Structures are given as C-alpha cells and as structure tokens.
C-alpha cells in the first residue's frame, strides 16, 4: 500500500501526468466533483479517452443517446472481456484494483449471445422465486440487528455501520450461507470493492463460494444458491460460483451507495440553511429516484468491447478496447433537460438498458426502500453530524460512494440483544470524523491467557447475526 497521506489503491504515482491532466476516474479530484469532469469530457464529443486506474486505459461514453446505441447493440459491442487486447498482451497490471470488476467470469455479465441467454435465464428465473414479503422481513431483521449495535451510543456512521453491512448480510441470507462461509464472503467482497489486496480477496471469495455450492448440492434449501443449482440450465460449479459473484457484485456496492446517497439527500434537507426537502414531505421513493438520476450508485461501468473499429459521431472506438458507459454523465446530458425537470423514471440509465439491463430492479428498490424507512422510523431524530457539503466521497472509477455518513441522535436502549453475543468491532475507515463522531470499538479490560490456551476465533458479522437470529 502507498504510505503517502491520502493515497488509495487508485492513486497515481507522484509525477504521473494524471496529476496535471484530468483524464482519470480514480483520483480525489474526480471523486469530489465528477460532474465537472464529465462536462470536460463532453468537449471530446459523445465519448472521451480516460484512465480507469494507473496503466488501464479506456473510453467513456458520456452522451445519453450514444450510451443507448452501445447498450442496445450487442452485435457491435460485446461484453466478453477476453476480447480485451491490452489484457491479453500483458499491458494491464495484474494487481490493478479494477481487474476484479473487469476480468472475465463465466456469468451473464461477461457473456454474449446464446450463452448469455442461458445464464441470464437461470439468474432471472431464480430471482423471480424471491418472495417480496419475506425479503422485506429479512431486510428489517438485519436492519434491527445493525441498529442495535449503535443505538445506545447516540452517534453512528450510517455508511459503514449500516448501508454497507446490510446488503452484505442480506446476501448471506439469500444465498443460504453458514456462519463461517458468510463471514469470509462478507470480508472478501468488502475488500474487493474497497480495492484492498484484491488478489487475496478474490481467491478467498472463490474458495468460500465453491464451498457453498458443494454444500448446497448436498443439502439444498430455499435460497438462491439452491435454485440456481436446480435450474434446468444445468450450471457447472464454476458457473454457479460466478453467477453468485455477479449477483453480489451487482447488489452489494450499488445497494449500499443507493441507501447511503439517499439518506444523505434526506438528512441534508434538515440542516439549517438547507433547502426543505425531507421536511416538506419528500418521500423515500422520491429520494431514491433523485439519487438514480443525479448520483447513481454505479456511475461508470457496463464495459463493452467493440468487435471492430466503430465510428461514433466522429469518435473512433477501437476494436478490443474497453468502452464504459457513464450512467451519471448520460443522466446529466444537456439534451435531457425536459426529462430531468420531471425526473422521468423512464429516462435515466441507472439500471442500464438493452440485453444486460439489471434483472433485479424491483428487489433492489424494495431493499433500499425498506432499509431507509426502517432507520428513519427507528431513529426519528437522526441528523447529520457534519455539514452536508463536508462529507467525503470515496475515490474510484466505477462508483459514486460516500466515505462515511456520520450522524447523531438521542441514545436509546437496544431492543434485541442476545446474552453473550459480541458483534465484531466496526471496521476502520479512512473517514476523518470529528472526535465526538468517531465510531470505535468499546474499550475492554485486558485479559490474560495461559500460554497453552488457544486464542478464541473472532466471529464475523454474519455468524454474530446468526447467534441472535437463528435462521
């Protein structure tokens, strides 16, 4: 890791031209004001050359109409990243933090044609078996557990202690994970999205999901893993593992950002001098739609590879080079002024378009809606602990993600607590919060063990949750 202050896995080396010329999507400048950068990119036309990470070049589509042309034309724009010439030729660093999000996996995100249809059918038909009432109850139960961990403090980081953990734990529930596998899945998926030791995290993710698939082949249950195994598509173990990776990847990071960004929008309206938004009756549904338009959780993704050199309104898209869609830039395309004024739900591209459009729009919306309503109803006097303009945004090319969301509220007693169950200590974050709003694990008295006594295994979030709710 780069020891320099403020360095991230995406930071360019000192003296890199990326510091002088804004073509990168991973630095602090981009994270602080991405729409200014998108406006600059538009001077190139419908697409602009960018750097996703040090040594990883691509083209970004920033115009709404051009984005639709790419998304809806699989004959010319393939999704299979094995076409990526620079990666095949060894020109992309193998430890690059963007590779886990771009390298080929045999899932419906990175396949085309008949293979894509086969895999997508297995995914969509398995997702269709989800019961919305049960899904809402699962979200509420996990939300109750997470809220109990901080409700007695009177302060919390709603991003790292709530919005981030809730979808991770929910997918453990939906996949039918035993405690240990769920703990490892949560840990590895978090590391991949945060760009931390991604090679190790990817290996751990693969290992624990293959274990889960083996368990579910022997003992199926009422969960997505079992439904995928039972599907007539007859998925192999490797394919099963990679559909699960795709589902988590498409659900965890976008969901935490959708929840976090919507909560920021609603809470910001209650600060002195801020526009009256939540206070004037802003519904959670309206906040979610506002975020999908203006701060989409996944801002830049949907990597395509032109099958040949293609001219797009004067810009040449070279064959076998990554072409990404900027959902955020397309949504703020000046040509969409009328649609944006009414926040038309049908015009924004946050869910994608074409054959790879998000298959889980309805459950994803339900999860965010339930999570936000639960925290607002349980802690009705939530307020931001810092000015809304002072929150930090996490650097990275793909997401629009907060670093932290510090809040304060009136402390109250936890409603559910299992005797003897200790939740894991909150993860350290890079957020620099004022001292009264730091979230730290409570201090504990030192203990002394006999030299021969083995250390107790630390429980993770999922196994701790299972100790409280036997599911």
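Residue numbers (this note's numbering): 3 to 473.
We put the beta carbon where it would ideally sit given N, CA and C, even for glycine.
None of these values were measured; they are calculated from a predicted model.
First through last residue of the beta strand (DSSP E) which encompasses residue i
i           : result
residue 61  : 58-63
residue 410 : 408-410
residue 302 : 302-308
residue 319 : 317-319
residue 50  : 49-55
residue 159 : 157-159
residue 314 : 312-314
Proximity winner among the options, relative to residue i (alpha-carbon distances)
i           : options               : result
residue 59  : 313, 70 and 101       : 101
residue 356 : 403, 67, 309 and 374  : 67
residue 234 : 124, 198 and 221      : 124
residue 37  : 466, 416 and 402      : 402
residue 159 : 406, 411 and 417      : 406
residue 201 : 99, 172, 127 and 299  : 99
residue 54  : 285, 325, 250 and 382 : 325
residue 287 : 371, 307, 340 and 361 : 371
residue 377 : 215, 143, 304 and 231 : 143
residue 334 : 292, 308, 313 and 310 : 292
residue 79  : 195, 296 and 321      : 321
residue 88  : 336, 462, 379 and 323 : 323
residue 466 : 97, 307 and 171       : 171
residue 81  : 353, 306 and 394      : 306
residue 118 : 76, 157 and 138       : 76
residue 208 : 232, 126 and 239      : 239
residue 44  : 29, 106, 31 and 25    : 25
residue 393 : 269, 353, 311 and 346 : 269
Residue i and residue j closer than 7 Å at C-beta
i           : j           : result
residue 130 : residue 112 : no
residue 186 : residue 206 : yes
residue 387 : residue 409 : yes
residue 73  : residue 399 : no
residue 260 : residue 350 : no
residue 69  : residue 327 : yes
residue 145 : residue 289 : no
residue 317 : residue 92  : no
residue 173 : residue 103 : no
residue 416 : residue 153 : yes
residue 258 : residue 166 : yes
residue 161 : residue 57  : no
residue 308 : residue 319 : yes
Assumed close pair residue i, residue j - CB separation to whole angstroms, cut-off 8 Å
i           : j           : result
residue 302 : residue 121 : That belief does not hold up - the Cβ atoms of residue 302 and residue 121 are roughly 24 Å apart, past 8 Å.
residue 169 : residue 254 : 5 Å
residue 109 : residue 245 : 5 Å
residue 178 : residue 227 : 5 Å
residue 247 : residue 211 : 7 Å
residue 128 : residue 230 : 5 Å
residue 396 : residue 404 : 7 Å
residue 462 : residue 90  : Incorrect: roughly 37 Å between the Cβ atoms, too far for contact.
residue 267 : residue 225 : The Cβ separation is near 33 Å, so there is no contact.
residue 156 : residue 411 : 6 Å
Continuous alpha helix (DSSP H) stretch holding residue i: start and end
i           : result
residue 33  : 30-34
residue 328 : Element bounds for residue 328: not the alpha helix (DSSP H) but the beta strand (DSSP E), 325-328.
residue 114 : Neither: residue 114 is in no alpha helix (DSSP H) and is coded neither H nor E.
residue 249 : 239-270
residue 207 : 200-220
residue 183 : 181-196
residue 377 : 363-380
residue 73  : 66-73
residue 230 : 226-232
residue 286 : 286-296
residue 144 : 134-152
Residue i beta carbon near the ligand FAD (any heavy atom closer than 6 Å)
i           : result
residue 226 : Inclusion of the ligand FAD in the displayed structure is not the case, the ligand content being empty and no account of it being possible.
Straight-line gap, residue i to residue j (C-alpha atoms, nearest Å)
i           : j           : result
residue 433 : residue 413 : Because the pLDDT of residue 433 is 38, which lies under 50, any placement of that residue in the model is unreliable, and the question is left without a value.
residue 243 : residue 86  : 23 Å
residue 164 : residue 183 : 21 Å
residue 217 : residue 71  : 43 Å
residue 40  : residue 331 : 6 Å
residue 441 : residue 150 : Confidence at residue 441 is low in this model, with a pLDDT of 32, below 50, so its placement is unreliable and the value that follows should be read with caution. Residue 441 and residue 150: Cα-Cα distance of roughly 14 Å.
residue 298 : residue 252 : 13 Å
residue 203 : residue 191 : 7 Å
residue 278 : residue 64  : Any reading at residue 278 must be qualified, since the residue scores a pLDDT of 43, below 50, and its modelled position is unreliable; the value itself is stated next. Whole-angstrom Cα-Cα distance: 31 Å.
residue 315 : residue 199 : 40 Å
residue 236 : residue 222 : 15 Å
residue 136 : residue 50  : 44 Å
residue 34  : residue 193 : 22 Å
residue 96  : residue 381 : 45 Å
residue 369 : residue 361 : 14 Å
residue 304 : residue 271 : 32 Å
residue 379 : residue 141 : 14 Å
residue 423 : residue 138 : Residue placement at residue 423 is poorly supported in this model, since its pLDDT is 43, which falls under 50; the coordinates still yield a value, given next. Approximately 25 Å between the Cα atoms of the pair.
residue 312 : residue 354 : 21 Å
residue 147 : residue 232 : 32 Å
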